[in-house]
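Some notes on the structure that comes next.
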Amino acid sequence: MKEVTTSRNRKRKRQRNSKEEPCESPKNKNNDKKMQRDTKNDGGSSALSKRPKPSNFLDTLREKLSGGNFRRLNEKLYTCSGKEALDYFNEDPTLFDMYHTGYQQQMTNWPELPVNSIINWLSSKSSSLVVADFGCGDARIAKSVKNKVFSFDLVSKDPSVIACDMSNTPLESSSVDVAVFCLSLMGTNYSSFIKEAHRVLRPRFDPNNGGADPKDFVKAVSDLGFTSSLKDFSNKMFILLHFKKKEKPNSNKKKIEWPELKACLYKRR
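Counting in full-length UniProt numbering, the sequence shown runs from 1 upward without gaps.
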């Protein structure tokens, strides 16, 4: 009897042990599957993190395309006349937007913006001075100073901007006090732009101004009827020149030797 009892007890113990073993419920199965999915997702996420995000890639591609278009259009402006440039943008005004988009991106890499130097200079002068901005772009000067500013460019994207060839503006002769060319002497006939500025400027004479600069460009402008009043070579990327129209024209009618300005040419990519 003792043996039978012991056997039964062992059997019951095994049964109890069997009952105490954990069973895999449907819920646990779902949790295991979820863990497997999480593990796979973690691995996938890690792999994807090593790839460039599509938005960043597209932004980079757009910047390269914009930079390439800017260089092509910039070279075009340096190697054609003002009238040809005007006709070029009139045929397809979207090219003007393309140019200025690339221009804005290029400016982010410059240590200093020359337009800011001009704005600071104008802000230090009387607000009664009338300004003509030849090649105004986004008309930043007009938006930044209290002066009356006539803004000219090849295409008008703003009601305040007058679209025209800079060698033939609608201004009356001797009607403005300051003429600005901020990175806009780009055409092959750039001398005609300066001649137009000479026409529209009021005669202003300052006996304290020095003589003509020996450099060919400054000499040519001076021979036309200007006095050089400021030369700033401190910026490694730009030269700031300020001229004032002479009260009396030069009596010597010799031919002016206009130097050929070097165009911005880019490597083909």
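Glycine is no exception: its CB is placed at the ideal position from the N, C-alpha and C atoms.
Bear in mind the structure is a predicted one, so any value in this text is a computation, not a measurement.
Item checked: Whole-Å CB distance - ASP153 paired with ALA142, under 8 Å assumed -> Taking the Cβ atoms as the reference, ASP153 lies roughly 11 Å from ALA142, outside the contact range of under 8 Å.
Note to self: Using C-beta distances below 7 Å, list every residue in its chain close to ALA85, excluding the 5 sequence neighbours before and after it, in chain order.
What the structure shows: LEU77, LEU154 and GLY187
Margin query: Which complete beta strand (DSSP E) runs does the region 101-150 hold, if anything under 3 residues is left out?
Written below: 131-134
Note to self: Which of the three DSSP states is assigned to THR6 in this structure?
What the structure shows: Since pLDDT at THR6 reaches only 44, below the 50 mark, its modelled position is unreliable, and the value read off the structure follows with that caveat. Note: THR6 maps to helix in three-state DSSP.
Checklist line | Three-way DSSP call (helix, strand, coil) for PRO249 in this model | finding: coil
Notebook entry, point to check: Who are SER228's beta bridge partners in DSSP?
Noted result: DSSP lists PHE243 as partners of SER228.
Next item on the list: Report all residues from its chain with a CB closer than 7 Å to the CB of ASN250; omit the five preceding and five following residues, and keep chain order.
Entry: ASP223 and GLY225
Margin query: Starting from ILE194, trace the alpha helix (DSSP H) in both directions and tell me its first and last residue.
Written below: 190-200
Note to self: Rounded to the nearest angstrom, what separates LYS245 and THR169 at their Cα positions?
What the structure shows: Taking the Cα positions, LYS245 is about 18 Å away from THR169.
Notebook entry, point to check: In terms of residue numbering, what span does the beta strand (DSSP E) encompassing PHE89 cover?
Noted result: Per DSSP, PHE89 belongs to no beta strand (DSSP E); it is in the alpha helix (DSSP H), 82-91.
Margin query: I want to know whether the region 172-187 touches the region 104-122 - three or more CB-CB distances under 8 Å.
Written below: Under the Cβ criterion (8 Å, minimum of three pairs), the region 172-187 counts as touching the region 104-122.
Checklist line | Alpha-carbon spacing of LYS157 relative to ASN252, whole angstroms | finding: 42 Å
Note to self: Which of the three DSSP states is assigned to ASP153 in this structure?
What the structure shows: strand
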